[in-house]
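> End of the sequence shown = 494 in our numbering, gap-free, step of one. Cβ coordinates follow ideal geometry from the N, Cα and C atoms, glycine included. The structure displayed is predicted, hence computed values, not measured ones. Below you'll find the structure I mean.
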Amino acid sequence: METLAKIEDINQPRVVIVGGGFAGLELARALRNAPMQVVLIDKQNYHAFQPLLYQVATASLAADSIVSPFRKILDGQDNFYFRLAEAICVDTEQHLLETSIGRIRYDFLVLATGATANFFGDEQMQRHAITLKSVADAIELRNTVLSNFEQALQLGDMEKINSLLDFVIVGGGPTGVEIAGALSELRAHVFPRDYRELNFKEMDIHLVQSGPALLKGMSAEASQKSLEYLKHFGVQVWLDRRVKSYDGYTVTLNTGEKLITRTLIWAAGVTGSPIKGLREDCLLPGNRYAVNEFNQVAGYDNIFALGDIAAMRSELYPEGHPMVAQPALQQGRLLGQNLERQLKNEPMQPFRYDDKGSMATIGRNHAVADIKLFGRDLRLGGFIAWLAWGFVHVVSLVSFRNRLIVLLNWAYSYFSYDKGLRYIIGTRKVLPPVEDTQDKAIT
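Quick look at the structure:
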């Protein structure tokens, strides 16, 4: 490893951004015309639109329809530099970021490392469950689902077959609700055509939520409607239940109830992804950095945190802002403006979150939306909310190519009742084998 990573020094203040999610990418864009050198560090060379990962996992979209390379997105931005690397630790005294390709000097360091799945210390769950935080996760889930059905065709024991057909989704937030709805559509319209030998009336979809309501953070009306929609689509919703354990076959709830599945999808919680080198007291529960109203990490003037990794506590948001796209985008945009203000020796402006609302889709023609519009709170459900959800997600994609591909895929799926991306390429989740005493190949 070289002592210093090879990055051209253009004799301008250098902003190093760690993480190219919503916050990091928006900051890089906001600094397009700033007299600064912008260096983005990420383990991947692309930005992924995470709200649609579940559609990659359920064969609605190809992975390349929701990703776009950083170099393509910021093509023509002369002050932008990208390095494919992993951040390891920070030397705050020397103003150096140590990465997998060497050390990088910074004048301003911005941590936008996002969050990862939180298994709350349950190592067995972590080994056996499938998460949905990355494109690789989405592809693995799709491959696992299809591989399980292929395997089910070779079995003779109904309990073993059902374990491959059934799904348990842990977490009743937007991700969990949307996966459950997507799987129910596949069960109704796609899987019975592909796997005619299997009885999909035996395919159960379980959604386990630890609290009394779905979609925590949304309105009570949205929560109730989402529950009604899921039940309409045949999803079994378990409220006020927690998953106590999962061994790769049996799911045990805290009530003692048991479910059988070879596919448990974990959407129950997230934790921040900090890096080493900063003082321990600036890291709050949940592994989020304590930041002030300017997104400065507590105790540092030139180190900032944005998005999911940042906890800006206030009376309205005592635990920090919601870990969703809008706070990240708005923080990235404002920080870009504030860094330019600092160069001009002007005071920075404090962050004020403009909550535009929340939405979730449950299935075909069914969604819920809490929208803040011109000072009014709108509660939408059904087809109108479903259209609003689709419009917002299409316009939020980072490139015209992504928008066009997603629109065409959605149109095809809507009119054909088909999900055309049912192929197995790449890795799948491999669990320990269950002792087989009765299975026989169907001939």
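Go through its chain and collect everything with a Cβ distance to residue 182's Cβ below 7 Å, but skip five positions before and after it.
The residue labelled residue 182 in the question sits at position 131 within the sequence shown. So the qualifying residues of the chain are 168, 188 and 317.
> What I want to know is whether the C-beta of residue 58 ends up closer than 8 Å to one or more non-hydrogen atoms of the ligand NAP.
What this structure holds is no ligand at all, so the ligand NAP is not there to describe.
> I need the straight-line Cα distance from residue 76 to residue 449, nearest angstrom please.
For the purposes of this step, residue 76 is identified with residue 25 of the sequence shown, where counting begins at 1. For the purposes of this step, residue 449 is identified with residue 398 of the sequence shown, where counting begins at 1. One C-alpha to the other measures close to 10 Å.
> May I ask you to verify whether the stretch 449-468 touches the stretch 125-136, counting CB pairs closer than 8 Å and requiring at least 3?
Judged by Cβ distances under 8 Å, the stretch 449-468 makes no contact with the stretch 125-136, as fewer than three pairs qualify.
> Alpha carbon to alpha carbon, how far is residue 56 from residue 155?
Here residue 56 refers to the residue found at position 5 when the sequence shown is read from its first residue. Here residue 155 refers to the residue found at position 104 when the sequence shown is read from its first residue. Using only the alpha carbons, I get a separation of about 6 Å.
> Kindly provide the ranges of any alpha helix (DSSP H) runs that are 4 or more residues long and lie completely inside the stretch 161-212, ordered along the chain.
Runs of the alpha helix (DSSP H) inside the stretch 161-212: 174-179 and 186-203.
> Residues in the same chain with beta-carbon distance under 6 Å from residue 418, minus the five sequence neighbours each way, listed in chain order, please.
Against the sequence shown, residue 418 aligns to sequence position 367. Excluding positions up to five away in sequence, the list reads 412, 436, 437 and 440.
> Distance check for residue 294 and residue 375, CA to CA, integer angstroms please.
Looking up residue 375 in the sequence shown gives position 324. Looking up residue 294 in the sequence shown gives position 243. Rounded to the nearest angstrom, the two C-alpha atoms are 24 Å apart.
> Suppose only complete runs of 3+ residues qualify. What are the beta strand (DSSP E) ranges in the stretch 57-84, listed by chain order?
List check, beta strand (DSSP E) in window: 65-69.
> Any chance you could list the alpha helix (DSSP H) runs of at least 4 consecutive residues sitting entirely within the stretch 76-159, in chain order?
For the stretch 76-159, whole alpha helix (DSSP H) runs of length 4 or above, ordered along the chain, are 104-108 and 121-124.
> With a threshold of 16 other CB atoms inside 10 Å of the CB of residue 98, please say whether the residue is buried or exposed.
Position 47 of the sequence shown, counted from the start, is the residue given in the question as residue 98. Residue 98 should be labelled buried.
> Would you mind stating whether residue 358 and residue 70 have Cβ atoms separated by less than 9 Å?
Looking up residue 358 in the sequence shown gives position 307. Looking up residue 70 in the sequence shown gives position 19. For residue 358 and residue 70, yes; Cβs fall inside 9 Å.
> Nearest-angstrom Cα distance between residue 53 and residue 85?
Taking the first residue of the sequence shown as position 1, residue 53 is located at position 2. Taking the first residue of the sequence shown as position 1, residue 85 is located at position 34. Here the model assigns residue 53 a pLDDT of 47, short of 50, so the residue's position is not dependable, and the following value carries that caveat. If I take the Cα positions, the gap works out to 29 Å.
> Report buried or exposed for residue 490, applying the criterion of at least 16 other Cβ atoms within 10 angstroms of its Cβ.
If you number the sequence shown from 1, residue 490 lands on position 439. A caution first: residue 490 carries a pLDDT of 43, below 50, which makes its placement in the model unreliable, though a value can still be read off. Counting Cβ neighbours within 10 Å, residue 490 comes out exposed, since fewer than 16 surround it.
> What did DSSP end up calling residue 463 once you bin it into helix, strand or coil?
As a first step, residue 463 is located in the sequence shown; it is residue number 412 there, counting from the start. Helix.
> Is it the case that the Cβ atoms of residue 259 and residue 321 are separated by a distance below 9 Å?
By 1-based counting over the sequence shown, the position of residue 259 is 208. By 1-based counting over the sequence shown, the position of residue 321 is 270. Going by C-beta atoms, residue 259 is not nearer than 9 Å to residue 321.
> Tell me which same chain residues have a C-beta within less than 7 Å of the C-beta of residue 372, skipping the five on either side of it?
Looking up residue 372 in the sequence shown gives position 321. If we look at residue 372 and ignore the five residues flanking it on each side, its Cβ neighbours are 363, 378 and 404.
> Quick one: give me the first and last residue of the beta strand (DSSP E) that residue 256 is part of.
By one-based count along the sequence shown, residue 256 stands at place 205. Where residue 256 is concerned, the enclosing beta strand (DSSP E) stretches over 256-259.
> Hey, how far is the Cα of residue 141 from the Cα of residue 328?
Taking the sequence shown and counting its residues from 1, one reaches residue 141 at position 90. Taking the sequence shown and counting its residues from 1, one reaches residue 328 at position 277. If I take the Cα positions, the gap works out to 5 Å.
> Taking 8 Å as the threshold, find out whether the stretch 128-139 comes into contact with the stretch 475-482 through three or more Cβ pairs.
No: fewer than three Cβ pairs fall under 8 Å.
> Cα-Cα, which of 103, 90, 80 and 74 is closest to residue 458?
Locating residue 458 in the sequence shown gives position 407, where the first residue counts as 1. Ranking the options by Cα distance to residue 458, first place goes to 103.
> Leaving out the 5 sequence neighbours to the left and right, which residues in its chain are closer than 8 Å to residue 143 when beta-carbon positions are compared?
In the sequence shown, counting from the first residue as 1, residue 143 sits at position 92. Once the five neighbours on either side are set aside, the close Cβ partners of residue 143 are 328, 329, 351 and 354.
> Once the 5 residues before and after residue 119 are set aside, which same chain residues still bring their CB inside 7 Å of it?
What you label residue 119 is simply residue 68 of the sequence shown in a count that begins at 1. 97, 98, 449, 450 and 453, listed in sequence order.
> To the nearest whole angstrom, what separates the beta carbons of residue 107 and residue 186, a pair I think is in contact under 8 Å?
Stepping through the sequence shown from its first residue, residue 107 is reached at position 56. Stepping through the sequence shown from its first residue, residue 186 is reached at position 135. Going by Cβ atoms, the distance from residue 107 to residue 186 rounds to 7 Å, so yes, they are a contact pair.
> Does the pairing of the stretch 265-276 with the stretch 218-237 give three or more beta-carbon distances under 8 Å?
In short, these stretches touch, since the Cβ pair count reaches three.
> Using DSSP with H/G/I as helix, E/B as strand and the rest coil, what is residue 478?
Position 427 of the sequence shown holds residue 478. Note: residue 478 maps to coil in three-state DSSP.
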